[in-house]
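Heads up, the thing below is written out as structure tokens.
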Amino acid sequence: MSTILIIEQMLNGLQSGVMLFLMAAGLTLIFGVMGLINLAHGSLYMVGAFAAAAVAGLTGSFVLALMAALVAAALAGAVIEILVIRRLYDSDHLDQVLATFALILIFSEGTRWVFGSFPLFLDIPDALSGPVTLPGGIEYPLYRLALIVAGLLVGVGLWVLIERTRLGIQIRAGENDREMIAALGVDISKLYTLVFALGAALAGLAGALVGAIQSVQVGMGEPVLILAFVVIVIGGIGSIKGAFIGALLVGLTDTLVGIFLPELLKLFMDAAPATSAGSAIASMSIYILMSLVLIWRPSGLFGARA
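For reference, each letter of the sequence shown is one residue, going 1 to 306 in this note's numbering.
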């Protein structure tokens, strides 16, 4: 097993983790501020991917496609917050789950009605196509490297927004005591709509960026949503830093275990059983990781202790 292969797979895991962070950051932001379980977050990921693919197909511009993904997902998030989500803040979590699950069905059928059932494809821009040579002679796809850099930059920007701006102060205050900031004159309805739109925009951006390395199709957001929930449980609900660390752990674990565990098991058993057993264990690896973290720290790595 070569060192180059290990480094390449670690970079793949890092890229996967950074994209998961964009999903999980919006999800944990919405839950932390609003106390809302939003199962429709994966549908906003899908909206961003389809908007990007449609605009790229019409204009041929990847930059315009990313902008379209951000705008479409943010608008979709703002609309459903105003029309549906706003009525669920005082409801119990079961009502929130049922309502947002209904939104999944609406988004899925609406997307199928507009774009059809066949997948769309978003081309990698020419400037980012092909491999780049890293130190040590490692060749790695330039676009995947750009995804890592873009995700890290968005993460830094989100941290600055939350920790260093007046809006961030309001968001953090709303997470701790929404009644108090409402009493201080902050329009809590507008703040909630803005936070929901921000979380939706992050999901849409992730969908657009990942759409260039996989097909864009109906239902693509639900598997990513499950991983995003695992991320925020590991990192701690409501913690952006926890979402970042949790996403990296999940991305690296999922990638490295899936690649290297079958090879390791081949040392002790025949190739076919080793591959089968390794694949089965690898598919459970992130949930095993989540269980171990919760046993050690039930509130997650950076969640508030009870």
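Each residue gets a CB set at the ideal place from its N, CA and C atoms; glycine is no exception.
For this session: Take Pro125 and list the residues in its own chain whose beta-carbon comes closer than 6 Å to its own, dropping the five residues that flank it on each side.
Result: Phe62
For this session: Assign Ser43 to buried or exposed, taking buried as 16 or more other Cβ atoms, counted over all protein chains shown, within 10 Å of its Cβ.
Result: buried
For this session: Would you tell me roughly how many angstroms separate the C-alpha atoms of Gln96 and Ile80, rounded to the nearest one?
Result: 13 Å
Exercise. Considering only residues of the same chain and omitting the five flanking positions on each side of Ala306, which have a CB-CB separation below 6 Å?
Worked result: The pLDDT assigned to Ala306 is 45, lower than 50, so where the model puts this residue is not dependable, and the model offers no usable value.
Exercise. With distances taken from CA atoms, which of Gly77, Leu153 and Val55 is nearest Met67?
Worked result: Val55
Problem set entry | Three-way DSSP call (helix, strand, coil) for Val132 in this model | strand
For this session: Could you pull the start and end residues of the beta strand (DSSP E) that Tyr45 belongs to?
Result: Where Tyr45 is concerned, there is no enclosing beta strand (DSSP E), although the alpha helix (DSSP H) it sits in stretches over His41 to Thr59.
Exercise. With 8 Å set as the bound, which would you pick, yes or no: does the beta-carbon of Ser299 sit closer than that to a beta-carbon of chain C?
Worked result: As a matter of chain content, chain C is missing from the structure shown, which is built from one protein chain.
Exercise. Between Leu313 and Leu88, what straight-line distance do the alpha-carbon atoms span, to the nearest angstrom?
Worked result: The shown model of the chain, from 1 to 306, leaves out residue 313, and the question about it has no answer.
For this session: Drop a sphere of 10 angstroms on the beta-carbon of Ala102, count the other beta-carbons inside from all chains shown, and report buried for 16 or more, exposed for fewer.
Result: exposed
Exercise. Any idea if Arg164 is buried or exposed, counting beta-carbon neighbours within 10 angstroms, 16 or more meaning buried?
Worked result: exposed
Problem set entry | Own chain, CB closer than 6 Å to Val18, minus 5 neighbours either side, in chain order | Ile148 and Gly151
For this session: Kindly indicate which three-state DSSP category Pro223 falls into: helix, strand or coil?
Result: helix
For this session: Please state if the CB of Gly174 and the CB of Ile162 are separated by a distance shorter than 8 Å.
Result: no
For this session: Starting from the Cα of Pro223, find the closest Cα among Ala40, Ala53 and Phe121 and give me that residue.
Result: Ala40
For this session: Give every residue of the same chain whose Cβ lies closer than 8 Å to the Cβ of Gly35, excluding the five residues on either side of it in the sequence, and list them in chain order.
Result: Tyr89
For this session: Using the DSSP secondary-structure output, state which residues sit across from Ile138 in a beta bridge.
Result: Leu134
Problem set entry | Buried or exposed (CB count within 10 angstroms, at least 16 for buried), Asp254 | buried
Exercise. Less than 8 Å separating the beta-carbons of Gly199 and Gly60?
Worked result: no
Exercise. Could you check where the alpha helix (DSSP H) with Ser189 kicks off and where it finishes?
Worked result: Ile188 to Gly211
Exercise. For the ligand PLP, any of its heavy atoms closer than 7 Å to the Cβ of Asp92?
Worked result: Absent from the structure shown: the ligand PLP. Ligands present: none.
Exercise. If we count Cβ pairs, one from each stretch, closer than 8 Å, do we get three or more for the region 177 to 193 versus the region 215 to 222?
Worked result: no
Problem set entry | In DSSP terms, what Leu120 is bridged to | Val216
Exercise. Sorted by chain position, which residues of the same chain lie with C-beta nearer than 8 Å to Leu158's C-beta, five sequence neighbours on each side aside?
Worked result: Ala25, Leu202 and Ile240
Problem set entry | Option nearest Gly204 by Cα separation, candidates Glu8, Val186 and Val154 | Val154
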